[in-house]
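Those protein sequence lines, which keep their order, are chains X and L. Residues 32 to 145 in my numbering are what the first sequence lists, from first letter to last. Residues -5 to 105 in my numbering are what the second sequence lists, from first letter to last. We put the CB at the ideal spot given by N, CA and C, even for glycine. Computed from a prediction, not measured in an experiment: that's the story for all the values here.
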Amino acid sequence: GAGVSQSPSNKVTEKGKDVELRCDPISGHTALYWYRQSLGQGLEFLIYFQGNSAPDKSGLPSDRFSAERTGGSVSTLTIQRTQQEDSAVYLCASSFQGARGEQYFGPGTRLTVT
Amino acid sequence: RKEVEQDPGPFNVPEGATVAFNCTYSNSASQSFFWYRQDCRKEPKLLMSVYSSGNEDGRFTAQLNRASQYISLLIRDSKLSDSATYLCVVTLDTGGFKTIFGAGTRLFVKA
């Protein structure tokens, strides 16, 4: 079946602009996660959605970052007023069993802020 | 102290070698354990779950030691294609479930 998809695959933007990154999870997966990974670094948790519960936003680095998940499916991560330190690969993952289950990752969006 | 710790490596081993990685976790409320593999500039992919009794999948064996709070991954008969970063993943129940990824251990298998 179809895996997790993300778009765009690459995004180059100028400092100060807003960007939106999209994630389509695997159908039927109730949990959705956003992470970011800087070059050569580990995964940094950003936000977690589980069903209709309030999202766990504890990993968002600043109020410039926000995410929503509409209809329990597609999610959008928005970064406002981008900074150069936001440059990273943004990875989305989904899971059938919430935080207890295996996560399946999308290919990521490589964001470059110039 | 980090909640999940791994030796970053790199581990450089010849083809055919056996190599083992450990991962320690600090929270005894940890519930589920996984090993993921991440190739260079690719997304992480699930390698295997880790069960209390230990489990094997082909050349890969995972073990869990709850008393000492670590998990291990053993790779036998290493292949060039095993070269990757191996991520240890732990989920915690702290009133709500939380997933924590280790920073990874790099493995290079040489011909």
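Check your understanding: Using 8 Å as the limit for Cβ to Cβ distance, is L40/L near chain X?
Key -> It does: the Cβ of L40/L has a partner Cβ on chain X nearer than 8 Å.
Review point. Taking the Cβ atom as the reference point for each residue, do I57/X and S106/X lie within a distance shorter than 8 Å?
Key: Taking 8 Å as the Cβ cut-off, I57/X and S106/X do not qualify as a contacting pair.
Check your understanding: Which residues of chain X have a Cβ atom closer than 7 Å to the Cβ of G3/L, listed in chain order?
Key -> Near G3/L there are no residues of chain X at all, since even the closest Cβ is about 13 Å away, more than 7 Å.
Review point. Any chance the region 58 to 74 of chain L sits against the region 39 to 59 of chain X, with 3 or more Cβ pairs inside 8 Å?
Key: Look at the beta carbons and you see the region 58 to 74 of chain L not touching the region 39 to 59 of chain X: under three pairs across the two are nearer than 8 Å.
Review point. How about F136/X: is its C-beta nearer than 8 Å to some C-beta of chain L?
Key: Interface residue (Cβ-Cβ distance to chain L less than 8 Å): F136/X is classified as such.
Exercise for review: Report the three-state DSSP secondary structure of S93/X (helix, strand or coil).
Suggested key: The DSSP-derived three-state label of S93/X is coil.
Exercise for review: Would you list, in sequence order, the uninterrupted beta strand (DSSP E) runs of no fewer than 3 residues that lie entirely inside the region 27 to 68 of chain L?
Suggested key: Correct list: 39 to 44, 49 to 51 and 54 to 59.
Review point. Does E(-3)/L come within less than 8 Å of chain X when only Cβ atoms are used?
Key: No, because no Cβ of chain X sits closer than 8 Å to the Cβ of E(-3)/L.
Check your understanding: How long is the line joining the alpha carbons of T109/X and F96/X, rounded to whole angstroms?
Key -> Here the alpha carbons of F96/X and T109/X stand approximately 6 Å from one another.
Review point. Hey, how far is the Cα of Q25/L from the Cα of E(-3)/L?
Key: About 13 Å.
Check your understanding: Quick one: which chain L residues come within Cβ less than 7 Å of E133/X?
Key -> The answer, in chain order, is F28, L40 and S43.
Review point. Under a three-way DSSP split, which group does E116/X fall into?
Key: When DSSP states are grouped into helix, strand and coil, E116/X belongs to the helix group.
Check your understanding: Leaving out the 5 sequence neighbours to the left and right, which residues in its chain are closer than 8 Å to S46/L when beta-carbon positions are compared?
Key -> Leaving aside the five residues that flank S46/L on each side, the residues in its chain whose CB is nearer than 8 Å to its CB run, in chain order, L58 and R60.
Review point. Are G137/X and V35/X close, meaning C-beta to C-beta below 8 Å?
Key: Taking 8 Å as the Cβ cut-off, G137/X and V35/X qualify as a contacting pair.
Exercise for review: Indicate whether the contact test is met: 3 or more Cβ pairs, each with one atom in the region 89 to 100 of chain L and one in the region 60 to 80 of chain X, closer than 8 Å.
Suggested key: Short answer: they touch.
Check your understanding: Counting along the chain, where does the beta strand (DSSP E) carrying N21/L start and finish?
Key -> Counting along the chain, N21/L sits inside no beta strand (DSSP E), nor does DSSP assign it H or E at all.
Point to revise | L86/L - DSSP class collapsed to helix/strand/coil | key: In the displayed model, L86/L falls within a strand according to three-state DSSP.
Review point. Are the CB atoms of L122/X and Q81/X nearer to each other than 8 Å?
Key: Going by C-beta atoms, L122/X is not nearer than 8 Å to Q81/X.
Check your understanding: For chain L, is any of its Cβ atoms less than 8 Å away from the one on L122/X?
Key -> Between L122/X and chain L, the shortest Cβ-Cβ separation is below 8 Å.
Check your understanding: Tell me, which residues are paired with E51/X by DSSP?
Key -> Per DSSP, the beta-bridge partners of E51/X are T109/X.
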